[in-house]
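Numbering (the working numbering), first residue to last: 35 to 683.
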């Protein structure tokens with residue numbers, strides 16, 4: 035029996051059927067219009083609709099609808115198309131973010147505009163509606179949408195701003211908050227000491243990699259030995275550690291900034307690679323920025339300075355919903371496939387995780403204790419995200435018992451090398467776990483770019499430039515279950531759980547080197563070669579022993595939705611389907627939580643919200659395994675990364 039199609043639009047305070055909306059009066063200009071289709075669009079459908087009517091189809095509204103900017107003549111043509119169910123004007127009230135403060139002025143606003151907006155005219159219109167200090171960012175230059183930042187002194191003018199035809203979305207500027215080398219070794223091997231850094235021992239320290247450190251306030255001190263260069267200590271392409279440093283005038287050196295940057299990539303100028311408190315990717319370079327504009331612009335600036343890994347050890351204060359910051363992270367990640375964004379989850383006892391960590395394509399990080407208690411949750415807030423119930427946090431790293439760079443405690447300025455545990459911020463924090471994940475991501479990227487895959491040995495003539503989805507998939511595939519919690523009333527019983535996500539990184543479980551019992555298979559599909567609607571792509575791997583657990587991870591970088599879809603931001607849906615050598619089938623995320631293993635011949639429902647899926651099998655039967663990825667609900671083409679680790683031939 036064919037399931038009933040739900041045509042309600044899942045936006046606003048209550049879902050509604052757009053067919054029931056009364057048509058608006060005719061207007062001469064273009065206005066925000068919802069176009070709903072009768073079924074999911076195929077790639078030929080998309081091509082025809084864009085060509086015939088000039089549709090953009092870049093703002094999804096579930097179910098089966100898109101937000102466009104159309105004049106009445108075009109609406110009449112579109113409405114007559116055989117694929118179209120209905121067209122209706124967007125109620126301007128649905129352009130207002132529900133988290134705009136209910137009281138108080140002035141309101142500091144971020145107004146998203148349609149891409150075909152005349153920006154000078156929009157500035158004039160916003161001013162006429164009551165806004166002041168209007169500043170326009172033409173983010174079309176970086177592939178994003180134009181926005182206007184402005185101040186509104188009269189709350190009664192909000193409907194006037196929303197009614198402007200150029201306007202897509204109106205949201206408040208929001209405050210952010212910080213989420214306050216044995217840790218690096220622990221997420222490489224699960225141990226510490228001389229042989230704890232198993233990935234370092236293979237010659238992977240972050241060389242050739244750049245990590246973007248975006249902090250909500252403060253800056254780093256270039257006089258510190260972890261960040262200094264000699265004789266010229268000026269950030270730039272020639273600097274041995276800091277390629278670019280951007281901070282607001284008057285910004286002071288911050289312990290939080292120093293500690294985070296040191297965990298990621300700090301190392302002493304002299305005797306490099308020997309300092310006991312060096313960072314996880316101590317040979318990598320960094321780009322440092324104090325938060326001063328929209329996240330999409332900061333990520334783009336970091337990319338232009340050479341970074342591919344981006345760390346955010348902060349979150350939007352008291353915002354559990356998928357807001358513009360989350361969308362910025364997803365938009366940037368989808369358009370720039372080689373990049374990874376890492377976000378700290380909230381610290382206990384906050385109620386929810388917040389953007390940017392809750393974005394679909396961001397690795398949201400919770401913290402474990404230090405070795406030998408590394409499988410204890412020590413900081414983090416359980417998910418899932420409200421109201422769509424995506425799994426956040428995704429992953430864990432050590433966030434306690436860490437020593438890193440500290441500000442100069444001496445009144446005498448000049449070069450210094452002070453390190454240790456935090457003095458004024460929390461000793462355990464997701465803020466410290468996140469840069470450990472960013473460092474691990476840099477090591478994974480180096481593994482591929484220096485030709486270690488597939489033989490496990492450096493082959494400089496075989497570089498492989500991984501997508502961000504592949505880097506995330508390797509990190510997630512490497513995880514192990516966290517078995518205890520130091521937090522009251524927070525349980526990690528079972529696997530995966532809402533508190534730990536997929537668990538603690540252990541890189542040498544997935545990255546293959548000669549002599550490793552576990553081998554690695556990856557399939558990295560970029561968007562251009564990705565899946566279309568209902569398409570299936572299959573691969574085969576051969577399991578040669580039942581001794582090692584077989585772990586299969588699927589990750590994709592999803593499209594950003596329309597801002598009105600903040601309650602249901604997922605767009606493309608893929609499904610991981612696996613068949614073993616004896617015909618037993620497994621499905622992604624159909625896991626028996628008490629055992630942490632996939633259900634044989636399970637019949638679990640399709641996961642419609644998470645863009646990470648796992649199949650985990652203990653004592654896998656020897657023989658050929660078929661691994662398929664199905665485009666269950668795909669707009670355009672959707673790339674993905676597949677990672678398999680185990681006793682493979």
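For every residue, glycine included, the Cβ atom is placed at its ideal position computed from N, Cα and C.
Everything numeric in this text was worked out from a predicted model, so none of it was measured.
Check your understanding: Can we say the region 470-477 touches the region 341-348, given the rule of at least three CB pairs closer than 8 Å?
Key -> yes
Practice item. Over the uninterrupted beta strand (DSSP E) stretch that includes residue 571, give me the two end residues. Key: 570-577
Check your understanding: Hey, quick one: how far does the beta strand (DSSP E) through residue 111 stretch, first residue to last?
Key -> Premise fails: residue 111 lies in the alpha helix (DSSP H), 106-113, not in any beta strand (DSSP E).
Practice item. Label residue 499 either buried or exposed according to how many other C-beta atoms from any shown protein chain fall within 10 Å of its C-beta, with 16 as the threshold for buried. Key: exposed
Check your understanding: Which full runs of the beta strand (DSSP E) of 3+ residues lie inside the region 426-493, going along the chain?
Key -> 429-432
Point to revise | First and last residue of the uninterrupted alpha helix (DSSP H) at residue 116 | key: Counting along the chain, residue 116 falls outside any alpha helix (DSSP H), and DSSP gives it neither H nor E.
Check your understanding: Can you list, in chain order, the stretches of the alpha helix (DSSP H) that have 4 or more residues and sit fully within the region 337-384?
Key -> Runs of the alpha helix (DSSP H) inside the region 337-384: 358-369.
Practice item. Could you tell me the distance, in whole angstroms, from the CA atom of residue 261 to the CA atom of residue 207? Key: One C-alpha to the other measures close to 32 Å.
Exercise for review: Would you mind reading off the limits of the alpha helix (DSSP H) that contains residue 87?
Suggested key: 77-87
Review point. Can you name the residues that DSSP bridges to residue 170?
Key: 182
Point to revise | Enclosing beta strand (DSSP E) for residue 206 [first to last residue] | key: From DSSP, the beta strand (DSSP E) with residue 206 extends over 201-206.
Review point. What three-state label does DSSP hand residue 290 in the structure shown?
Key: helix
Exercise for review: Look at the Cβ atom of residue 124, then the Cβ atom of residue 601, and state whether they are nearer than 8 Å.
Suggested key: no
**Study point:** Coarse secondary structure for residue 209, derived from DSSP in three states
**Key:** The answer is coil: DSSP assigns residue 209 none of H, G, I, E or B.
Check your understanding: If you follow the beta strand (DSSP E) that residue 66 is part of, which residue opens it and which one closes it?
Key -> 65-71
**Study point:** residue 137 - DSSP class collapsed to helix/strand/coil
**Key:** Residue 137 falls in the coil class under three-state DSSP.
Point to revise | Bridge partners - residue 672, DSSP secondary structure assignment | key: 565
Review point. Given 8 Å as the limit, is there contact between the region 403-410 and the region 509-527, that is, 3 or more CB pairs closer than that?
Key: Counting Cβ pairs under 8 Å, three or more are found: they touch.
Check your understanding: Alpha carbon to alpha carbon, how far is residue 80 from residue 97?
Key -> 16 Å
**Study point:** Unbroken alpha helix (DSSP H) run spanning residue 525, endpoints
**Key:** For residue 525, there is no enclosing alpha helix (DSSP H), since its DSSP letter is neither H nor E.
Check your understanding: Measuring CB to CB, does residue 375 end up less than 8 Å from residue 464?
Key -> Taking 8 Å as the Cβ cut-off, residue 375 and residue 464 do not qualify as a contacting pair.
Exercise for review: Return the chain-ordered list of same chain residues with a C-beta closer than 8 Å to the C-beta of residue 371, the five sequence neighbours on each side being excluded.
Suggested key: Within the same chain, 501, 502, 503, 560, 561, 591, 673 come within 8 Å of residue 371 by CB-CB distance, once the 5 residues on both sides are set aside.
Exercise for review: Would you please state the rounded distance, in angstroms, between the beta carbons of residue 507 and residue 681? I believe it to be under 8 Å.
Suggested key: The pair is not a contact, with the Cβ atoms about 19 Å apart (cut-off 8 Å).
Practice item. Mark residue 623 as exposed unless 16 or more other C-beta atoms lie within 10 angstroms of its C-beta, in which case mark it buried. Key: buried
Check your understanding: Run through DSSP, which three-state label would residue 557 get?
Key -> strand
Practice item. Could you tell me whether the Cβ atoms of residue 548 and residue 491 are closer together than 8 Å? Key: yes
Check your understanding: Which residue from 238, 160, 322, 434 puts its Cα closest to that of residue 686?
Key -> With the chain covering 35 to 683 only, the question about residue 686 has no answer from this structure.
**Study point:** residue 176 (DSSP reduced to helix, strand or coil)
**Key:** Correct three-state label for residue 176: helix.
**Study point:** Secondary structure of residue 637, DSSP reduced to three states
**Key:** coil
Point to revise | residue 158 in three-state terms, based on DSSP | key: helix
Point to revise | Sequence-distant residues of the same chain with beta carbon closer than 7 Å to residue 658, five excluded per side | key: In chain order, 574, 576, 615 place their CB closer than 7 Å to the CB of residue 658, counting only its own chain and leaving out the 5 sequence neighbours on each side.
Exercise for review: Work out the CA separation of residue 545 and residue 553 for me, nearest whole Å.
Suggested key: 8 Å
Review point. By Cβ distance below 7 Å, which residues in the same chain neighbour residue 201 in space, the five residues on each side in sequence not counted?
Key: 129, 145, 147, 195
Point to revise | Those runs of the beta strand (DSSP E) which lie wholly inside the region 274-331 and span at least 3 residues | key: 276-280, 319-324
Point to revise | Residues bridged to residue 398 [DSSP beta-bridge criterion] | key: Per DSSP, the beta-bridge partners of residue 398 are 377.
Exercise for review: Determine the burial state of residue 585: buried for a count of at least 16 other Cβ atoms within 10 Å of its Cβ, exposed for fewer.
Suggested key: buried
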